[in-house]
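Each protein sequence line maps, in turn, to chains H and Y. All residue numbers for the first sequence refer to numbering that gives the first Met the number 0, where the first residue is 0 and numbers rise by one. All residue numbers for the second sequence refer to numbering that gives the first Met the number 0, where the first residue is 0 and numbers rise by one. For each residue, glycine too, the CB sits at the ideal point set by N, CA and C. All values derive from a computational prediction rather than experimental measurement.
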Amino acid sequence: MGNVLSILFCLSLFYVSITSRVKGYVTVLQIQGVLLSLIIVIPFIYPFSIYGIILPATLLLVKVFLIPRYINKIILDLDIRRVIDPTIQQFSFLLLVIATMVVIFVVSNILSQSTELNVIPFASGFSAIVIGIYIIMFRRKLIVHVAGFLILENGIFLFGTAVASELPMMIELGTLLDVFVVVFLMGIAINKISTTLDGFDVTALGRLKD
Amino acid sequence: MFEFFIFILLPLITSLFCSVVKNLRIQYSVSLSVSVLHLILALSVFLGYYHTNLPFFFSVDSLSKFFLLILSNVYFWVVLVSFSYLKRPVTHAAEKSKGFYFLLLNFYLAANSAAMLSNHFGMYWVAAEATTLSVAPLIYFYRNEEALEAMWKYLFLVSIGIAFAFIGILFLTLSAKGSILEGKQLFFWEFIRNAKQLNPIWLKASFIFIFVGLSTKIGIAPMHSGDVDATSNAPSPIAALMSGSLRLTALMGVLRIFEIIRPTSSYEFAKTILIIGGLLSLFVAFVFMFKVTNYKRMLAYSSVEHLGLITLGIGIGGLAFVGAMYHAIYNSIMKVILFLTAGNIHSKYKSREVSKVTSVLNRMPKTGWLFLLAFLGISGIPPFGIFFSEIKIFEGMLFSNKPALLVLTMFFLLFIFINMGKIIFFMLYKKNDNDNSEIGNEHFDFIHLTVILLLILLTTISVLSPDVIYQNIINITKDFGMNL
Numbered sequence: 000m001g002n003v004l005s006i007l008f009c010l011s012l013f014y015v016s017i018t019s020r021v022k023g024y025v026t027v028l029q030i031q032g033v034l035l036s037l038i039i040v041i042p043f044i045y046p047f048s049i050y051g052i053i054l055p056a057t058l059l060l061v062k063v064f065l066i067p068r069y070i071n072k073i074i075l076d077l078d079i080r081r082v083i084d085p086t087i088q089q090f091s092f093l094l095l096v097i098a099t100m101v102v103i104f105v106v107s108n109i110l111s112q113s114t115e116l117n118v119i120p121f122a123s124g125f126s127a128i129v130i131g132i133y134i135i136m137f138r139r140k141l142i143v144h145v146a147g148f149l150i151l152e153n154g155i156f157l158f159g160t161a162v163a164s165e166l167p168m169m170i171e172l173g174t175l176l177d178v179f180v181v182v183f184l185m186g187i188a189i190n191k192i193s194t195t196l197d198g199f200d201v202t203a204l205g206r207l208k209d
Numbered sequence: 000m001f002e003f004f005i006f007i008l009l010p011l012i013t014s015l016f017c018s019v020v021k022n023l024r025i026q027y028s029v030s031l032s033v034s035v036l037h038l039i040l041a042l043s044v045f046l047g048y049y050h051t052n053l054p055f056f057f058s059v060d061s062l063s064k065f066f067l068l069i070l071s072n073v074y075f076w077v078v079l080v081s082f083s084y085l086k087r088p089v090t091h092a093a094e095k096s097k098g099f100y101f102l103l104l105n106f107y108l109a110a111n112s113a114a115m116l117s118n119h120f121g122m123y124w125v126a127a128e129a130t131t132l133s134v135a136p137l138i139y140f141y142r143n144e145e146a147l148e149a150m151w152k153y154l155f156l157v158s159i160g161i162a163f164a165f166i167g168i169l170f171l172t173l174s175a176k177g178s179i180l181e182g183k184q185l186f187f188w189e190f191i192r193n194a195k196q197l198n199p200i201w202l203k204a205s206f207i208f209i210f211v212g213l214s215t216k217i218g219i220a221p222m223h224s225g226d227v228d229a230t231s232n233a234p235s236p237i238a239a240l241m242s243g244s245l246r247l248t249a250l251m252g253v254l255r256i257f258e259i260i261r262p263t264s265s266y267e268f269a270k271t272i273l274i275i276g277g278l279l280s281l282f283v284a285f286v287f288m289f290k291v292t293n294y295k296r297m298l299a300y301s302s303v304e305h306l307g308l309i310t311l312g313i314g315i316g317g318l319a320f321v322g323a324m325y326h327a328i329y330n331s332i333m334k335v336i337l338f339l340t341a342g343n344i345h346s347k348y349k350s351r352e353v354s355k356v357t358s359v360l361n362r363m364p365k366t367g368w369l370f371l372l373a374f375l376g377i378s379g380i381p382p383f384g385i386f387f388s389e390i391k392i393f394e395g396m397l398f399s400n401k402p403a404l405l406v407l408t409m410f411f412l413l414f415i416f417i418n419m420g421k422i423i424f425f426m427l428y429k430k431n432d433n434d435n436s437e438i439g440n441e442h443f444d445f446i447h448l449t450v451i452l453l454l455i456l457l458t459t460i461s462v463l464s465p466d467v468i469y470q471n472i473i474n475i476t477k478d479f480g481m482n483l
């Protein structure tokens, strides 16, 4: 089941590489949030454990409701144009994403022969990490950079489930809280940048250099 | 439990208190009292007068008590001068930032103490990220365009860096597959004890990701840009706090993974990476010192240089490692002195551009002389501590198996010294036509007193070289399995 959900997660990465709408990114973040919550809730459904539900429920709350709503609010409040301003063509971006994912899946498969790991979630998570970085590199809008950062974070989360790292609940919740506050601060910064520097993209940021 | 309360809970409670009580003077008094308590306890722990029994994911070893003392010391002096600093007139927009200043500062102390005292990689990560969150809004204190850009870049770069460090932590989990550590919690000491069983390939990957990720926060080249922007645009006490303590918090994470990798076959690999990182930082500082036109950026590059030197010392090992630990403490105090005096200059000239700051010795003689002393100190002129720690690092390099690196390092340091000197002497001595009107017209203020006290403290520590510090550093080197 985890593998199916991870593949769906990969499909969401394909969608994010072809969509040119900022809203599309928010939808993908919500879908990924649901998938991640499902992946970590499955082991606790049977036998049912209330304790095990806390983390997926918090994840769902933060990644599906709070953060996407907050980003949507910023998009509406600032009236950010709804297209993403890519720096390379969408088709080239898709090719890059596909090539990257192929390499990651092949390498992960080779690695799995020497180390015991769950290839599909491992490779899906790592793909999301790299694609998150691509999004930051090849898009101009700061709000899309935030979405790229969140996709990277989602990738790390999935990657974490693949290597079966069991961090204590308190620390997992702490990481979620940290991510939420980071996004919250980034939102405030984008708000200020749009009013102070009069722009929503990286070209507005060029004052500091030597 | 008492120490957990003082180190972590009390600053958190004070942070909440500062969000409720809006009077700046009360906020200052309470924050200062907390910082004094923190310093007294950190000192007692360091001197061995107080034995800790921390709960959950926290504990104390030679390294953490050493770094905790550095943090506590820097934090105390920063809080001490904060009220004088906040009294200065600022723009209407920046006036609003004052209300959040002590709130965030206390939160920073709680988060940073948690990071220093954590004995679990997960806990360390959460706390280190929390320090970024507390500092980022403080960078935006002046609420101008440059500060906003600096805050955005710092927040974004460091968050991605920290995310990379998290991937490194996950790789560490992978390296434990098939060993007795599999499925166990990520406690430093358990990993250090059983390091030989870890898979070397994943361990190397883990080291690279943690090192590169945390480099954004340490300010090591080539990931230094966010940190330089932030340090140069933050208010001076915050810049001092970042250069003096926050960078060491990130270095702590690197030191922990380095401690794990030490007994394994990947040790030489990790040392090489650290040496490359250190040398690259020195090179970046060397290049940018030629073209820098902003004196606060110059100080930020000086931080890149000194953290590079510390990393280099750690990578070389042996006596250079001892020097690097001494350098950490001397550099932390020196950076507070430099940024506070630079802050005084900034508040008088209202500019960070070197070309607009002339004749400081005439217009601000007290600040000017202190700035000159600070420059001599940071350049490694005796009797200030940096001289002694650099000598140790150089000696360590000379007697290591890579003596050629010493030539390269000294070459970089020489030109950094010359270029920094050119900028600082221009600021201090270059005369303009209208300078004579304000000769000697500078009151002796609280920041001058603080800087003088810090210079005395630094000189005393460096000249007397207390045995307790030496013993603690020797204990750290023993923990790292080094023979001197």
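Along the chain, which unbroken stretches of the alpha helix (DSSP H) at least 4 residues long are found entirely within the region 319–401 of chain Y? 359–362, 364–377, 384–397
Can you tell me whether Ile-380(Y) is buried or exposed, with buried defined as 16 or more other CB within 10 angstroms of its CB? As a first step, residue 380(Y) must be located in the second sequence, where it is residue number 381. By the neighbour-count rule (16 or more Cβ atoms within 10 Å), Ile-380(Y) is not buried but exposed.
With 16 as the cutoff for other CB atoms within 10 Å, does Glu-352(Y) come out buried or exposed? One-based indexing of the second sequence puts residue 352(Y) at position 353. Looking at its Cβ environment, which holds fewer than 16 other Cβ atoms inside 10 Å, Glu-352(Y) is exposed.
Are the beta-carbon atoms of Phe-106(Y) and Phe-163(Y) separated by less than 8 Å? Taking the second sequence and counting its residues from 1, one reaches residue 106(Y) at position 107. Taking the second sequence and counting its residues from 1, one reaches residue 163(Y) at position 164. No, these two residues do not count as a Cβ contact at 8 Å.
Applying a beta-carbon distance threshold of less than 9 Å, which residues of chain Y neighbour Leu-77(H)? Counting from one through the first sequence, the residue named residue 77(H) turns up at place 78. Within chain Y, no residue comes near Leu-77(H); the closest Cβ sits about 15 Å away, beyond 9 Å.
Spell out whether any CB of chain Y is found under 8 Å from the CB atom of Val-15(H). Counting from 1 along the first sequence, the entry for residue 15(H) is found at position 16. Closer than 8 Å: no.
Chain-ordered neighbours of Val-162(H) on chain Y, where CB pairs are closer than 9 Å: As a first step, residue 162(H) must be located in the first sequence, where it is residue number 163. In chain order: Leu-169, Phe-170, Thr-172, Leu-173, Lys-176.
Identify, in the order they occur along the chain, each residue of the same chain with its Cβ nearer than 6 Å to the Cβ of Ser-231(Y), setting aside the five sequence neighbours on each side. As a position in the second sequence, residue 231(Y) is number 232, starting the count at 1. Around Ser-231(Y): Lys-295, Arg-296, Ala-299.
Thr-172(Y) vs Val-162(H) beta-carbon contact at 8 Å: Within the second sequence, the letter at position 173 stands for residue 172(Y). Within the first sequence, the letter at position 163 stands for residue 162(H). Contact flag set, yes.
Chain H contact residues for Val-125(Y), given Cβ-Cβ distances below 7 Å: Counted from its first residue, the second sequence places residue 125(Y) at position 126. Here the neighbours are Ile-170, Gly-173, Thr-174, Asp-177.
Which of the residues in the region 57–75 of chain H, read from start to end, lie with their CB under 7 Å from any CB of chain Y? none
Under a CB-based cut-off of 8 Å, is Glu-304(Y) close to chain H? By 1-based counting over the second sequence, the position of residue 304(Y) is 305. Chain H contact via Cβ: absent.
What in chain H is Cβ-close to Val-291(Y), meaning under 7 Å? Numbered from 1 along the second sequence, position 292 holds the residue referred to as residue 291(Y). Simply Asp-209.
From this set, Leu-8(Y), Leu-79(Y), Leu-38(Y), which residue's C-alpha is nearest Leu-448(Y)'s C-alpha? Numbered from 1 along the second sequence, position 449 holds the residue referred to as residue 448(Y). Looking at Leu-8(Y), Leu-79(Y), Leu-38(Y), the one whose alpha-carbon comes closest to that of Leu-448(Y) is Leu-79(Y).
Since I believe Leu-147(Y) is in contact with Ile-192(H) (beta carbons under 8 Å), could you give me their beta-carbon distance rounded to a whole number of angstroms? Locating residue 192(H) in the first sequence gives position 193, counting from the first residue. Locating residue 147(Y) in the second sequence gives position 148, counting from the first residue. With 8 Å as the limit, Ile-192(H) and Leu-147(Y) qualify as a contact, their Cβ atoms being about 6 Å apart.
Using 8 Å for Cβ pairs, my map puts Asn-111(Y) next to Ser-244(Y). What's the rounded Cβ distance? The residue labelled residue 111(Y) in the question sits at position 112 within the second sequence. The residue labelled residue 244(Y) in the question sits at position 245 within the second sequence. Right, the Cβ-Cβ distance comes to about 7 Å (below 8 Å), so this counts as a contact.
Residues that Thr-195(H) contacts on chain Y, provided the C-beta gap is smaller than 7 Å: On the first sequence, position 196 is the one that residue 195(H) refers to. Per Cβ cutoff of 7 Å: Glu-144, Leu-147.
C-beta contact flag for Phe-6(Y) and Leu-169(Y) at 8 Å: Counted from its first residue, the second sequence places residue 6(Y) at position 7. Counted from its first residue, the second sequence places residue 169(Y) at position 170. Against a cut-off of 8 Å, the Cβ pair of Leu-169(Y) and Phe-6(Y) comes out as no contact.
Identify whether His-223(Y) lies in helix, strand or coil by the three-state DSSP scheme. For the purposes of this step, residue 223(Y) is identified with residue 224 of the second sequence, where counting begins at 1. Three-state result, His-223(Y): coil.
Roughly how many whole angstroms lie between the Cα atoms of Leu-58(H) and Val-20(Y)? Within the first sequence, numbered from 1, the residue matching residue 58(H) stands at position 59. Within the second sequence, numbered from 1, the residue matching residue 20(Y) stands at position 21. Approximately 33 Å between the Cα atoms of the pair.
Mark Thr-90(Y) as exposed unless 16 or more other C-beta atoms lie within 10 angstroms of its C-beta, in which case mark it buried. Numbered from its first residue, the second sequence carries residue 90(Y) at position 91. Counting Cβ neighbours within 10 Å, Thr-90(Y) comes out exposed, since fewer than 16 surround it.
Have a look at Phe-190(Y) and Ile-259(Y) and give me their C-alpha separation to the nearest angstrom. As a working note, residue 190(Y) is residue 191 in the second sequence. As a working note, residue 259(Y) is residue 260 in the second sequence. Between the alpha carbons of Phe-190(Y) and Ile-259(Y) lies a gap of roughly 6 Å.
Given that Trp-188(Y) touches chain H, what residues does it touch there, using C-beta distances under 9 Å? Position 189 of the second sequence, counted from the first residue, corresponds to residue 188(Y). Within chain H, no residue comes near Trp-188(Y); the closest Cβ sits about 16 Å away, beyond 9 Å.
Taking the Cβ atom as the reference point for each residue, do Met-409(Y) and Met-288(Y) lie within a distance shorter than 8 Å? Stepping through the second sequence from its first residue, residue 409(Y) is reached at position 410. Stepping through the second sequence from its first residue, residue 288(Y) is reached at position 289. Their beta carbons are not under 8 Å apart, which means Met-409(Y) does not touch Met-288(Y) by this criterion.
Every unbroken alpha helix (DSSP H) within the region 195–273 of chain Y, with a cutoff of 4 residues, ordered by chain: 199–217, 224–232, 235–240, 246–260
Beta-carbon of Leu-95(H) versus every beta-carbon of chain Y: anything under 8 Å? As a first step, residue 95(H) must be located in the first sequence, where it is residue number 96. Cβ-Cβ to chain Y under 8 Å: no for Leu-95(H).
Quick check on Glu-2(Y): buried or exposed, where buried means 16 or more other Cβ atoms within 10 Å of its Cβ? The residue labelled residue 2(Y) in the question sits at position 3 within the second sequence. Result: buried.
Quick check: Ile-377(Y) and Met-333(Y), are their CB atoms within less than 8 Å of each other? Numbered from 1 along the second sequence, position 378 holds the residue referred to as residue 377(Y). Numbered from 1 along the second sequence, position 334 holds the residue referred to as residue 333(Y). Pairing Ile-377(Y) with Met-333(Y) gives a Cβ-Cβ distance under 8 Å.
Determine the DSSP secondary structure at Val-82(H), reduced to helix, strand or coil. Taking the first sequence and counting its residues from 1, the one referred to as residue 82(H) is at position 83. Residue state, collapsed to three classes: strand.
Do you know offhand how far Ile-272(Y)'s Cα is from Cys-17(Y)'s? Along the second sequence, read from residue 1 onward, the residue named residue 272(Y) stands at position 273. Along the second sequence, read from residue 1 onward, the residue named residue 17(Y) stands at position 18. The alpha-carbon atoms of Ile-272(Y) and Cys-17(Y) are separated by roughly 43 Å.
Name the DSSP bridge partner or partners of Arg-138(H)? If you number the first sequence from 1, residue 138(H) lands on position 139. Answer is Pro-85(H).
Between the alpha carbons of Gly-147(H) and Val-21(H), how many angstroms are there, rounded? In the first sequence, counting from the first residue as 1, residue 147(H) sits at position 148. In the first sequence, counting from the first residue as 1, residue 21(H) sits at position 22. Straight-line Cα distance between these residues: approximately 11 Å.
Among Ser-331(Y), Tyr-469(Y), Ser-354(Y), Thr-366(Y), which one has its Cα closest to the Cα of Phe-383(Y)? For the purposes of this step, residue 383(Y) is taken as residue 384 along the second sequence, with counting starting at 1. Of all alpha-carbon atoms in Ser-331(Y), Tyr-469(Y), Ser-354(Y), Thr-366(Y), the one lying nearest the alpha-carbon of Phe-383(Y) is that of Ser-331(Y).
Within 8 Å, strictly: CB atoms of Thr-114(H) and Lys-195(Y): Translated into positions along the first sequence, residue 114(H) becomes position 115. Translated into positions along the second sequence, residue 195(Y) becomes position 196. Not a contact, by the Cβ cut-off of 8 Å.
Pro-465(Y) lies in the alpha helix (DSSP H); which residues open and close that run? In the second sequence, the residue the question calls residue 465(Y) occupies position 466. Counting along the chain, Pro-465(Y) falls outside any alpha helix (DSSP H), and DSSP gives it neither H nor E.
With a threshold of 8 Å between beta carbons, is Gly-121(Y) in contact with chain H? On the second sequence, position 122 is the one that residue 121(Y) refers to. Closer than 8 Å to some Cβ of chain H, the Cβ of Gly-121(Y) qualifies, so yes.
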